[in-house]
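Numbering (numbering that gives the first Met the number 0), first residue to last: 0 to 150.
The beta-carbon is built from N, C-alpha and C at its ideal position, and this holds for glycine as well.
Computed from a predicted model, the values in this text were never measured in an experiment.
One structure is given here, and the rest of the page talks about it.
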Amino acid sequence: MAITDKIYIKNHQQLVSQIETSFPKSAFSGATLDILFQGEGLAKLDDATQDRVLDFAEDFLDCDCQANPHCGCAEEKFVRYLLELREQGLGPDAIVDVMGDDYMLYAYPGDVLSFLDNSVRTLEAVETLADVEGHHDAAKQAQQLRGNLVR
Ligand SMILES: [Zn+2]
Numbered sequence: 000m001a002i003t004d005k006i007y008i009k010n011h012q013q014l015v016s017q018i019e020t021s022f023p024k025s026a027f028s029g030a031t032l033d034i035l036f037q038g039e040g041l042a043k044l045d046d047a048t049q050d051r052v053l054d055f056a057e058d059f060l061d062c063d064c065q066a067n068p069h070c071g072c073a074e075e076k077f078v079r080y081l082l083e084l085r086e087q088g089l090g091p092d093a094i095v096d097v098m099g100d101d102y103m104l105y106a107y108p109g110d111v112l113s114f115l116d117n118s119v120r121t122l123e124a125v126e127t128l129a130d131v132e133g134h135h136d137a138a139k140q141a142q143q144l145r146g147n148l149v150r
């Protein structure tokens, strides 16, 4: 399962009762994207929640793909967001705190940790493969990215 399948909406029950429509707890589930982030439910949310939901929509759902919001861009951007927080030196617990403050989302720190570990291992594999294939610039780039994640 991708990390974006393990990102959840904070105060889920409260939001469901505010917009009077049920949607899954998982932030990137198709129905959540439709109901919470695109639907008319938005207007029924209290101001603080609405701000966070709008921030999320602006930051992750702003592409022009025809399949938006189901095109996969949101998931890709969110993965980048997590990696950027890690590059700023944040650990899994702090990353979970920040996504809560920014977008009213939460995840289990253990899931974030596995995601970060997997990212490092993927970059290691890319580095090795690129070296074998003689793409030394690509290898160096992967090495740098990995360095940013593990420091
Ligand atoms: Zn897209």
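Where residue i falls: helix, strand or coil (DSSP)
i      : result
Tyr7   : strand
Leu60  : coil
Tyr154 : In the structure as shown, the chain begins at 0 and stops at 150. Residue 154 is therefore absent and cannot be evaluated.
Gln21  : Looking at the sequence provided, one finds Ser at residue 21 rather than Gln. Looking at Ser21 - three-state DSSP - the assignment turns out to be coil, as it is neither helix nor strand.
Cys72  : helix
Ser113 : helix
His134 : coil
Asn147 : helix
Phe27  : coil
Inter-residue spacing [alpha-carbon to alpha-carbon] between residue i and residue j
i      : j      : result
Asp101 : Asn10  : 14 Å
Thr20  : Lys43  : 11 Å
Asp130 : Arg145 : 15 Å
Val111 : Ala73  : 17 Å
Glu123 : Glu86  : 16 Å
His69  : Gln12  : 24 Å
Thr127 : Pro108 : 29 Å
Gln143 : Leu81  : 17 Å
Ala137 : Asn147 : 15 Å
Leu14  : Phe114 : 27 Å
Lys139 : Asn117 : 19 Å
Ile18  : Gly88  : 37 Å
Contact check, residue i vs residue j, beta carbons under 7 Å
i      : j      : result
Ile6   : Lys24  : no
Thr48  : Phe27  : no
Val119 : Ala141 : no
Leu60  : Phe36  : yes
Val95  : Tyr105 : yes
Environment of residue i [buried if 16+ CB atoms lie within 10 Å]
i     : result
Ser16 : exposed
Leu32 : buried
Gly90 : exposed
Met0  : exposed
Arg79 : exposed
Val52 : buried
Gly40 : buried
Own chain residues within Cβ distance below 8 Å of residue i, not counting five before or after
i     : result
Ala93 : Leu84
Residues of its chain near residue i, where Cβ-Cβ distance is below 6 Å and the 5 sequence neighbours each way are ignored
i     : result
Phe55 : Tyr102
Phe22 : Ala30, Thr31, Ile34 and Leu35
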